[in-house]
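Asks: Submitted below is the structure of interest, expressed as C-alpha cells.
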Amino acid sequence: MHSSAFPWLSNLTDEQAYEFLDEMIQAAHDAGTHTAFLHALDVLVGQHAPVPRLSPGVMS
295 MHSSAFPWLS
305 NLTDEQAYEF
315 LDEMIQAAHD
325 AGTHTAFLHA
335 LDVLVGQHAP
345 VPRLSPGVMS
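Read left to right, the sequence shown gives residues 295 to 354 (this note's numbering).
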C-alpha cells in the first residue's frame, strides 16, 4: 500500500496497513475534537511506524 502521508505504510503487510488505517479511523470517530484526534494519531503512528535509524557515520 502506498501513502504519501505515511511512507512507511508500504513496508507493512496489507493486513497490518489495514489494521493501522482502521485504528486511525476509529480514533477519529472516538476523539471528538481535532486536538484529541491528533494526539491519538501520534500514538498510533508511534505504535506502527518503524524506528528511525541514523545513517552510518552520523553521531547521535
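Built from N, CA and C at the ideal position, the CB exists for glycine as well. Keep in mind the model is a prediction, meaning the values are calculated, not measured.
As an exercise, report each continuous alpha helix (DSSP H) stretch of at least 4 residues that is fully enclosed by the segment 310-343, in chain order.
Replies: List check, alpha helix (DSSP H) in window: 328-342.
Asks: Can you list, in chain order, the residues of its chain with a C-beta nearer than 8 Å to that of Val-339? Leave out the 5 residues immediately preceding and following it.
Replies: Answer for Val-339: Phe-300, listed in chain order.
Asks: In terms of alpha-carbon separation, which member of Ser-298, His-296, Leu-303, Ser-297 lies closest to Pro-344?
Replies: With distances taken between Cα atoms, Pro-344 lies closest to Leu-303.
Asks: Keeping to the same chain, check which residues put their C-beta closer than 7 Å to that of Ala-321; ignore five residues upstream and five downstream.
Replies: Answer for Ala-321: Phe-331, Ala-334, Leu-335, Leu-338, listed in chain order.
Asks: Apart from the five residues on each side of it in sequence, which residues of its chain come closer than 7 Å, Cβ to Cβ, to Asn-305?
Replies: Excluding residues within five positions, the ones whose Cβ falls inside 7 Å are Pro-344.
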